[in-house]
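>
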Amino acid sequence: MLDSDLALLYGVPTFRLNEAVKRNRKRFPEDFMFQLTRKEFKNLISQFAMSSWGGRRKQPYAFTEHGILMLSSVLNSERAVQVNIQIMRTFTQLREMLVSNKELRQKIEEMEKKYDHQFKIVFQTIKELLEPPTPKTKGPIGFHG
0 MLDSDLALLY GVPTFRLNEA VKRNRKRFPE DFMFQLTRKE FKNLISQFAM SSWGGRRKQP
60 YAFTEHGILM LSSVLNSERA VQVNIQIMRT FTQLREMLVS NKELRQKIEE MEKKYDHQFK
120 IVFQTIKELL EPPTPKTKGP IGFHG
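First residue of the sequence shown: 0, per numbering that gives the first Met the number 0; consecutive thereafter.
This is the structure we're talking about:
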């Protein structure tokens, strides 16, 4: 998705979205986000019959699904906060569902054997979700010098 579309989705101006990305650049590797080239942007304009007059001065950023999820954690709009909360709840529910459903787990493992080379990343993510979360150790409370 393009930065301008995501800005509408998250309820922030496009320049604020891009500003948040620049401030958190380490959270957006190349497989999360990239900037369109001039040629790609011109092609996009011609495909969607957008006006080439006015508008943007810079090529837009395009975000993958991982980048879209990361945006919800770096933006501070009310809608972005709600999206982030919903994403966390969804992943938790998915993990609980997968862990509790042994039959589904077996089917996924069978599919993994059959289609491993085609869907390696998908199966890797599902395996991570199937693993029970590791308990976090809590450090001491207060200031310790």
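Note that beta-carbon positions come from the ideal geometry of N, C-alpha and C, so glycine has one too. None of these values were measured; they are calculated from a predicted model.
Check whether the stretch 87-96 and the stretch 17-28 are in contact - that is, three or more C-beta pairs closer than 8 Å.
no
> Am I right that L74 and V11 are in contact with their C-beta atoms under 8 Å? What's the rounded C-beta distance?
Working through the sequence shown from its first residue, we reach residue 74 at position 75. Working through the sequence shown from its first residue, we reach residue 11 at position 12. Between V11 and L74 the Cβ distance is about 6 Å, and since that is below 8 Å, they are a contact.
> Thinking C-beta only, is L8 closer than 8 Å to F62?
For the purposes of this step, residue 62 is taken as the residue at position 63 of the sequence shown. For the purposes of this step, residue 8 is taken as the residue at position 9 of the sequence shown. Contact: no.
> For L16, count neighbouring Cβ atoms within 10 angstroms of its own Cβ and tell me buried if that reaches 16, exposed if not.
Counting from one through the sequence shown, the residue named residue 16 turns up at place 17. Buried, because 16 or more other Cβ atoms sit within 10 Å of the Cβ of L16.
> Who are the Cβ neighbours of Q85 in its own chain at under 6 Å, not counting the five residues just before and after it?
One-based indexing of the sequence shown puts residue 85 at position 86. No residues qualify anywhere along the chain.
> Could you name the residues of the same chain whose beta carbon sits closer than 7 Å to that of S50, not counting the 5 residues immediately before and after it, in chain order?
If you number the sequence shown from 1, residue 50 lands on position 51. Unreliable positioning characterises S50 in this predicted model, as indicated by a pLDDT of 48, which lies under 50. A coordinate reading is not provided.
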